[in-house]
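**Q**
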Amino acid sequence: MTSRKEQMLNVRMEDRIRNGSKKLMKARSITQQGRLDTFFSISRTVTTTTPAAKKTETAVTPNKGLKRKAGATTDAKAKGKAAGGSAKKPKIKATNVLRHELETLKPGRKVYIQQPGSLVFFKGDKDTALKNCHETLKSLQRENQQLESKMDQTS
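The structure is reproduced here in structure tokens:
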């Protein structure tokens, strides 16, 4: 017969082994394990024929909700606004982000400013860059308003 101490030691070791096993099984079932598996797996190479195959697959899938007619839409106002206004709005959004970033900088800070019409940057004052940013934003907003007014007049 084994002593009481040995029995307690065996029970503790069994519990340690069972708990370790549970931890391993839990780690294998969570999403992080999936990330590790994909990290060590072989990646697929993308060819030029792959996007064409994906387009045909998406065309076959049924649409949820109401289906549109196969022909072109006759609503010129919706079509014109989507095409005309969308070109300027991303530029306005990007300029607003730049303006906000420049406003949060400390006064007298030097920043890199892109030379208009090229990929050349030069170092300038924060205040000068902010002034240029405001001018660009105003001109983009004016152009956007002119495009929207033209679209409203044509419809």
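Quick note on numbering: the sequence shown equals residues 1 to 155 in full-length UniProt numbering.
Even for Gly, the Cβ is constructed at its ideal location relative to N, Cα and C.
Quick caveat: nothing in here was measured; it's all calculated off a predicted structure.
1) Classify V120 as helix, strand or coil using the three-state DSSP reduction.
2) Give the DSSP-derived three-state secondary structure of Q114 in the structure shown.
3) Assign M8 to buried or exposed, taking buried as 16 or more other Cβ atoms, counted over all protein chains shown, within 10 Å of its Cβ.
4) Just to confirm my understanding: we take residue 163, look at its own chain, exclude 5 residues before and 5 after, and list those with CB closer than 8 Å. What are they?
5) Does A78 come out as helix, strand or coil in the three-state DSSP assignment?
6) For residue 178, which residues of its own chain have a beta-carbon under 8 Å away from its beta-carbon, when the five flanking residues on both sides are left out?
7) Please determine, among K88, K93, K126, N96, the residue with the shortest C-alpha to C-alpha distance to K106.
8) Considering just the uninterrupted stretch of the alpha helix (DSSP H) at G20, what are its terminal residues?
**A** Working from what's here:
1) The three-state reading of DSSP puts V120 in coil, since its state is none of H, G, I, E or B.
2) strand
3) The residue is exposed, with fewer than 16 neighbouring Cβ atoms inside 10 Å.
4) The question about residue 163 has no answer, for the chain in this structure spans 1 to 155.
5) Bear in mind that the predicted position of A78 carries a pLDDT of just 49, short of 50, making it unreliable; the figure below should be weighed with that in mind. If DSSP states are grouped into helix, strand and coil, A78 belongs with the helices.
6) Examination of residue 178 is not possible in this model, given that the chain is present from 1 through 155 alone.
7) K126
8) 4-29
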